[in-house]
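Residue numbers for the sequence shown follow my numbering, beginning at 3 and rising by one.
Glycine included, every Cβ here is placed at the ideal spot set by N, Cα and C.
Here is the structure we will look at, set down as structure tokens.
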Amino acid sequence: MPSILRVGPYRFYFVSHDLREPPHVHVDRDDQSAKFWLRPIALARNLG
């Protein structure tokens, strides 16, 4: 999972084999995770 950006404790990354889903970005911090759709920008999932 290549990291796109790191901002403080946050890591932004994508998973290249998520072919069945619209374009999105994952954001992790410690044991918390979120996923954002890119078009339109919207929260897809929030764990933590």
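Can you grab the Cα-Cα spacing for the pair residue i / residue j, in whole Å?
| i | j | result |
| --- | --- | --- |
| ASP20 | PRO11 | 24 Å |
| TRP39 | HIS26 | 4 Å |
Residues in the same chain with beta-carbon distance under 7 Å from residue i, minus the five sequence neighbours each way, listed in chain order, please.
| i | result |
| --- | --- |
| GLY50 | ASP33, GLN34 and SER35 |
Ignore the nearest five residues each way along the sequence and tell me which others in residue i's own chain have a CB closer than 6 Å to its CB.
| i | result |
| --- | --- |
| VAL17 | MET3 |
| ARG31 | PRO11 and TYR12 |
| LYS37 | HIS26, HIS28, ALA46 and ARG47 |
| SER5 | ARG13 and TYR15 |
What are the boundary residues of the beta strand (DSSP E) that residue i is part of?
| i | result |
| --- | --- |
| HIS28 | 26-31 |
| LEU21 | Here LEU21 belongs to no beta strand (DSSP E), and DSSP marks it neither H nor E. |
Does residue i have its Cβ less than 8 Å from a Cβ in chain C?
| i | result |
| --- | --- |
| VAL29 | Of the protein chains in this structure there is only one, and it is not chain C. |
Mapping the DSSP letters down to three states, classify residue i as helix, strand or coil.
| i | result |
| --- | --- |
| PHE16 | coil |
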